[in-house]
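Student: Dumping the structure here so I can ask a few things about it.
2 protein chains.
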Amino acid sequence: MNEQEKMLYKAKASVLKALAHPTRLWMAEQLAGGEKCVCEFVEMMDFDFSTISKHLAVLKQAGIVEVDKRGKQVFYRLKVPCLLNFMNCVEAVIKAQGKEQAALLQHL
Amino acid sequence: MNEQEKMLYKAKASVLKALAHPTRLWMAEQLAGGEKCVCEFVEMMDFDFSTISKHLAVLKQAGIVEVDKRGKQVFYRLKVPCLLNFMNCVEAVIKAQGKEQAALLQHL
DNA sequence: CTGACACTTGCATATTATGCCAAATATGCA
DNA sequence: TGCATATTTGGCATAATATGCAAGTGTCAG
Chain A
1 MNEQEKMLYK
11 AKASVLKALA
21 HPTRLWMAEQ
31 LAGGEKCVCE
41 FVEMMDFDFS
51 TISKHLAVLK
61 QAGIVEVDKR
71 GKQVFYRLKV
81 PCLLNFMNCV
91 EAVIKAQGKE
101 QAALLQHL
Chain B
109 MNEQEKMLYK
119 AKASVLKALA
129 HPTRLWMAEQ
139 LAGGEKCVCE
149 FVEMMDFDFS
159 TISKHLAVLK
169 QAGIVEVDKR
179 GKQVFYRLKV
189 PCLLNFMNCV
199 EAVIKAQGKE
209 QAALLQHL
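As they're listed, the protein sequences go chains A and B. To convert, note that position 105 of the first sequence is 105 in this note's numbering; the numbers rise steadily by one, no gaps. To convert, note that position 104 of the second sequence is 212 in this note's numbering; the numbers rise steadily by one, no gaps.
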């Protein structure tokens, strides 16, 4: 692992990290259905305005969403929709785990 | 967002979180080429044995890798290879960002 | 049984993340 | 201009992560 490779993996990990939070992942998936303004997220989720705003800033910083200010509102849009394509694989992991846990429970 | 949905997103995020670390992501990709024992990773990376071991434990806990103890050694194997399929999309995000940053620099 | 090897776990510490409150900014309306 | 709405920023308390070191566990060779 040379320095350049380290940087690459650090960059890739930071993109994943941006998605690796329930709130941000949910918001990203919501954006797959079209742009949304911050206020819409605030309505849908029981969090402070500032909390939502900071989460969106993380997604933006990671290059996952892009921003469009229109009037008083700020709209966020999914910039790289392909990121959500692999969610079915993530779900496969969870289901596989669920099975194992279920199987383990059988033995108790 | 009801409770069940919250749980689902928490679970999905935790799988992503396991991959969202340069060291773990690199190890996961290495495992795509076949199983490896902990000692091989220790040789390849400049980290303490215990650090590597803990990272692998995180991947295991997330359901991404599986373990096979053989003799004195412990081998780790990729359990869900599809997770790495979307890495090209992650790289696309990075490249897109790189372009924007390059474009921004033009204006200075 | 003893010692060596390959890990894993517990502990301490440093860094980073999360979420709220309050303050700052930006925009449009009266 | 002054005020309300929409959003971002700064600050702070708390929680979670990352890492190394030291100590513990399990396995094999002699």
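The beta-carbon is built from N, C-alpha and C at its ideal position, and this holds for glycine as well.
Please report the Cβ distance between A126(B) and L192(B), rounded to the nearest whole angstrom; I am assuming they are in contact, meaning their Cβ atoms lie under 8 Å.
Tutor: So it is not a contact: roughly 13 Å between Cβ atoms.
Student: Leaving aside the five residues before and after V38(A) along the sequence, list all residues of the same chain whose C-beta is less than 8 Å from its C-beta, in chain order.
Tutor: The answer, listed in chain order, is F49, I52, S53, L56, Q73, V74, Y76.
Student: Quick one: any contact between the segment 21–41 of chain A and the segment 116–131 of chain B, if contact means 3 or more CB pairs under 8 Å?
Tutor: yes
Student: Quick check on the burial criterion: 16 or more other C-beta atoms within 10 angstroms. Buried or exposed for K36(A)?
Tutor: buried
Student: Indicate whether G63(A) and Q205(B) have their beta-carbon atoms separated by less than 9 Å.
Tutor: yes
Student: Under 7 Å between beta-carbons, which chain A residues line up against L127(B)? List them in chain order, please.
Tutor: Within chain A, the residues near L127(B) are L16.
Student: Using three-state DSSP, classify V80(A) as helix, strand or coil.
Tutor: coil
Student: Taking only beta-carbon positions, decide if L108(A) is within less than 9 Å of chain B.
Tutor: Low local confidence applies: a pLDDT of 46 at L108(A) is under 50, so the model's placement there is unreliable, and no value is given.
Student: Less than 9 Å between the C-beta atoms of C82(A) and C197(B), yes or no?
Tutor: yes
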